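Letter 110 of the sequence shown, counting from 1, is numbered 110 in the UniProt record's numbering, and no numbers are missing.
For every residue, glycine included, the Cβ atom is placed at its ideal position computed from N, Cα and C.
Remember, predicted model here, so these are calculated numbers, not experimental data.
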Amino acid sequence: MVMADPNATVCERLTRRHGVRVVCAASVEDCCLAVGNVVGHENIVSASRMNSAIVVFLNDVDKVRKLTQNGIVVNNEMILVSPLSSPAKKVMLSNVPPFISDEAIGKELSRYGRMVSPIKKIPLGCKSPLVKHLVSFRRMVFMVLKEGVGELNVVFKFTVEGFDYNIFVSSDTDIKCFRCGQTGHLARACPERQSDPGVSERPGQDAAEPAGVVPPAAAVRPAVEGPGAAAAPDLTESEPQAQPAAQKPTGATSAPEKPRTAEPAAAEPRSARPDRKKPWSTEKSSVGSGAVLEPPALTEAGAEVQGNRMETPDTTPVQGDGGDVDMADEPVFKVPNKRKKQGKGQGKKQARKDTKVEERESDSDDCISDSVLTFDSQEEQINVVYSAEDIKEFLRNTKWQKNGALEEFFPDRKQFTHDVKFFRREGAFVDVEIFRLKKLITRYTLNLTRDIVRSLKALEIEIVELQRLEATGDRGHIEALKNKKAKMNDLLDITAQGELVRSRFKSAAEMDAPSKFFFSLEQKNGQKRFIHAVRTESGDLLSESTEIRKQTVSFYSKLYSSEWSGAQVVEDSFLVGLPKLSERAARELDRELSLEELHEALQKMENGRASGIDGLPAEFYKAFWAVIGQDVLDVLRDSIQRGELPLSCRRAVLTLLPKKGDLTHLKNWRPVSLLCTDYKLLSKALALRLTKVMERLIHQDQTYCVPDRSIFDNVYLILDILDVSRLLGLKTGLIFLDQEKAFDRVEHEYLWKVLETFRFNPGFVAMIRVLYCEIESVLKVNGGLCAPFRVYRGIRQGCSLSGMLYSLAIEPLLNKLRSFLSGFNIPHANASVYLSAYADDLVVMIYTHEDVNVLTAILNDFQILSSAKVNWAKSEAILVGEWGGGQPSLPGGLAWKRGGFKYLGVYLGTNEFLNKNWEGSVEHVKGRLSRWKRLVPKMSYRGRTLVINNLAASSLWHKLACVDPPPNLLANIQAQLVDFFWDGLHWIPQSVLHLPKEEGGQGLVQLSSRAAAFRLQFIQRLLTGPRDLVWRAAASGLLRTVKGLGLDRALFLMDTKMLDISGLPMFYRGLFKIWNVFKKQNKGCRTVHWLLEEPLVYGGRLDISGVTVPALSRTLVSSGIVTLRELVNVAGSDLSRAEDLAARMGLRSRRVVNQLLHCWRSALTSEERVQLMDYQHTETGPAEDESFPRLNIAPDLDGCAGPLLECRSEREMDFGSVSGKLLYRACVKVLNKKKLSGRVDTPWRSVLGFNDVKPEWRA
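What follows is the structure, encoded as structure tokens:
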């Protein structure tokens, strides 16, 4: 015998705070190696697998904090680590009759703490298979006790049918005798019992006794007296009460807490529930705490509790513990016995097999999410049928069955799903049970969906065959066809309901509203983001999940590794000549972050966006901003002061979006950062500051993320340059440069130097540097998180600042190109164009052979400075005109092409190349509409209009705004849209459908009117757009070719119907065509410049040809006097020099010339005459002011009238400020005026005789 050292302690000096919990399928060894990589292998004390988790103890609490903050990487997969939660105590319940329900006991236990496991019945331990199912009078549960409750040692008293039963509850799990109170033996082996001659031995003392048998009094003795010990009264039958239906008080007797009593209450009727025979168990009793039950209730499972009812105990697992009930804080942590002896390596194989199975299940569309167990508003009205105990027992008995048939035990699947959701909301399940239920319901739904698909295919074949036999006139075939169609409609209804669920359907009101739900119906983006295989640098194809993760992490780790060399000579050559920020603007950007600023940024953040790694979306911050706003501000201010954000903000989840090309190459996937909301709050607040100064720092040929600039500006510029080159026979070359991983290759050190060069204050630069200090990324590949890696370069796509930071980062390159390239000189405009840029989409103008060499040298130097790299394989070059001396040689294997190329989603070039924009457009619209065919019968007309306007026709807008479609294309597509809207007979004319809903129409889009509105918006931007509009000079050069007038924007001050525009490109001819169907009213000039630009001919405000000389316009054009400026230069500012004007015009009659001058003076206002006199005394000519004269436009409806043509808001519109919506409505009426003319809006006019009253249309 070995004697133990009496001085030795029972436990080491380790507490639960030294332990962590890891949930993964890997082996314990792999898990420990991963933990050691983070905190050091020497700091690991012990580890073991306990149920579904691995528990690891470390020697330092600080190491635990570091581990839980960083997580671990096992097999290239990111695994979160949670600390061990508050200790769960094992609580034993003794002398529990079988008819006392777990729910009743749970209600009493909830007063002392929270259960983290279901109450388990302890088997009796019989060896015979005939009675192996017997259970004892003892039960067990794990609990987290409330603060102040050290140990639990109480007695619960229950009254059933007038009999009192005492249940002993103790958290002291040592073997204890209830007879003498000593530990180490049971009551039947008690020495006092053996010495008592009145007690005889009886085998099977712990066996469960029938409900009608009263336990002997000798078995019930008080527990050991002392502080915290409960007084245990004898378990004896009390005398029957005078009122057997009344309920006696219930409660627990303990030393530290006074027993509670409940007032008697009237018995509640039991809800009827269908009898279900459970094949795995016999019927059992369930009794509520303190309930007085009638005899049938003792044998009926799941009976309702009568009388006073207590709340259901909270069985939610401890945070971070996941309901792992074996993690009780006992003196010794026990490893559960293995159920099956495994051979060497068998555990690892099984773990890998389980991991693959889970991956396959998570890769499907029906991946497990909380939405599986989320309540629907309609489901809440369904009564609960199945009980929580039935569901739990089903889970226990089918635990090891892979394919348990759910319908065998719960025939009504919909009712089962509803009840599971209800009980989960009530907290009746622990984590393990919730997880199994999610998988169970998902798997059953998946099988049901497959059955529906197979049934639909079979029905389609049968219906086609019956339709062929229907011609025979056989009534049997006709009836069978009718039945088959009815079955198909039922299945389609089920399918439609599934589509609504997958579309996050919440309420019927969203069905016909332009909500986020409606526009995201049936978007299955998950399938597109799945990576099936990747290629290595050597060309090998990898398809295993682990290998894909390794290769992906390796690729992006290398991509985000810095290559910055910091060559000073190259740096100085690029960072010169850049615009500088004013001191006042710099101080405004540098101010301290405020709470109001954060709140403004939060309100401008969109809802429904994916959250970062912390899982808190913007909606959470908006809902609780009054509570957490100041704390968020304090955290961000402290982070800026320290120069580093918390790890959750620094760590982003990279989700990969597919681009064009071979998706086995990782370079064809676009990484987008999923950032935490607090990170996005800071970046949004800084972006709101930065956007105010972007226009001063970025040249007008870069339009990305600069206010009042558009992607269409770039497209219009390239279109005009190509048209000018072809129209005037000029030579030019356009090189489209594709930047390889443009955002991801921006060096951080280079970016800080660029910001300093623009004269941003160090404080503002420091705020931006905080966003990129010590940042990390975690790749999300096929639904799983990979190992985190450091990011040393790149701008995070998904951050509000990213676009503006990239525009600032690439501006030194663009500035140097403008300085050293020859550029394209626009005739008649005295302007040159060097490039067009939209973020990294760059087009460079080449005019000489030397320009190519200069471009190549600048790009090579910029790559050294910023690591930017041109992908020559995806770049293109287009040559226009005749090049004498041969074509310039291109770098990177690039070759010149003729015709055109695709830029910013639009094909640009010759007419044949422009027509490629519309190839397959009809089929594309048909395809989009076909996805909704099954839902059309159940959709209202408003819902159909939303589908047509926002999902089908909207795919045409980008190209329709830039180029004109071929003839009849829009008419063909329009016919498809109208057919979809009516789904049969056309009840009202198509022209009425296009009217707004408040005017009697349905708001169905008319494509021709939408195209006309786009052309009006082009004219609006040309005339009244920003002063530095990049394509205005090229457009002016084209307009100056009209009939030799030499005018550009001033043409729109004339009657354009009188102009000869046949020499213009087709796009500009379309502009004047739509401009001619509107009436214009010139409200006068507000500046001297545009007063002098007023035309004197072709219907201008100062055209007096109709008053005096009929052929005056032709005479003025031939003499070169077209504008008031040219007239003032000849006749003086007071318009009095008749001799000079007569000589210039070749007229002999001074009387006629004086009459002309008098008419022109009369056409001018007194204010304008004063402006001309001021202009006379000015030594230099007036500076060009871009404030175009104010124009009012209105639809030209002359000759047409009717209630549907009455214009309200479109009657007289200020062209400089009118919205695109009003322009479209005006186009609808003016293009359909003949069809709407004379048509009544309602037949009630003639009945009621109200001709002057406008009806009010209500939805």
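- S170 carries a strand assignment under DSSP once its states are collapsed to helix, strand and coil.
- When C-alpha distances from V384 are compared across E426, T398 and G1000, the shortest belongs to E426.
- A1035 and V1042 have their C-alpha atoms roughly 12 Å apart.
- Cβ-Cβ distances below 7 Å link A685 to L593, E597, L598 and A601 in the same chain, with the five nearest sequence neighbours on each side left out; the list follows chain order.
- Cβ contact annotation for A1033 (same chain, cutoff 6 Å, sequence separation greater than five): I826, A829 and A831, in chain order.
- Taking C-alpha positions only, Q700 is separated from D841 by approximately 15 Å.
- Secondary structure in the region 893 to 932: the beta strand (DSSP E) runs of 3 residues or longer, each lying completely within the stretch, are 900 to 903 and 906 to 909 in chain order.
- Residue pairing from DSSP places N825 in a beta bridge opposite S832.
- The straight-line gap separating the alpha-carbon atoms of I973 and R944 is approximately 16 Å.
- Taken atom to atom, the span from the alpha-carbon of E606 to that of A618 is near 8 Å.
- Closest by C-alpha distance to G1044, out of D1028, I1061, V1030 and F901, is I1061.
- A straight line joining the alpha-carbon of G885 with that of N1232 spans about 55 Å.
- Annotation for N1082: the continuous beta strand (DSSP E) segment containing it runs F1078 to N1082.
- Residue pairing for C799: DSSP places it in a beta bridge opposite Q797.
- In the three-state DSSP reduction, V385 falls in the coil class, being neither helix nor strand.
- A check of alpha carbon separations from S875 across G881, D861 and L894 identifies L894 as the nearest.
- In the three-state reduction of the DSSP assignment, W564 falls in the coil class.
- Between the C-alpha atoms of F760 and S1187 there is a straight-line separation of about 32 Å.
- Boundaries of the alpha helix (DSSP H) around S1008: L1007 to T1024.
- According to the DSSP assignment, L602 belongs to the alpha helix (DSSP H) that extends over L595 to Q603.
- For the pair C705 and Y806, the CB atoms are nearer than the 9 Å cut-off.
- The Cβ atoms of Y1068 and V1128 do not sit closer than 9 Å to each other.
- For W625, the enclosing alpha helix (DSSP H) has its first and last residue at W625 to R642.
- Taking C-beta separations shorter than 8 Å and ignoring five residues to either side along the sequence, the partners of G19 in its chain run V55, V56, F57, L58, V64, P83 and L84, following chain order.
- The criterion of a C-beta distance shorter than 9 Å is not satisfied by P1195 and D723.
- Using a 10 angstroms sphere on the CB of S673, the tally of other CB atoms reaches 16 or more, which defines it as buried.
- In the structure shown, E747 adopts extended strand secondary structure according to DSSP, grouped into three states.
- Rounded to the nearest whole angstrom, the C-alpha separation of V693 and T442 is 52 Å.
- Secondary structure at R21: strand, using DSSP grouped into helix, strand and coil.
- The beta carbons of L492 and R793 sit no closer together than 9 Å.
- Taking one beta carbon from each stretch, the region 653 to 673 and the region 710 to 722 have fewer than 3 pairs nearer than 8 Å; the two do not touch.
- R928 and L951 have their C-alpha atoms roughly 7 Å apart.
- The Cβ-Cβ distance between R139 and V96 falls below 9 Å.
- One thing to note: L890 has its Cβ no nearer than 9 Å to the Cβ of K780.
- For the 9 Å CB-CB criterion, Y621 and C799 do not form a contact.
- Out of T1087, A626, L1191 and D62, the CA that lies nearest to the CA of R17 is found in D62.
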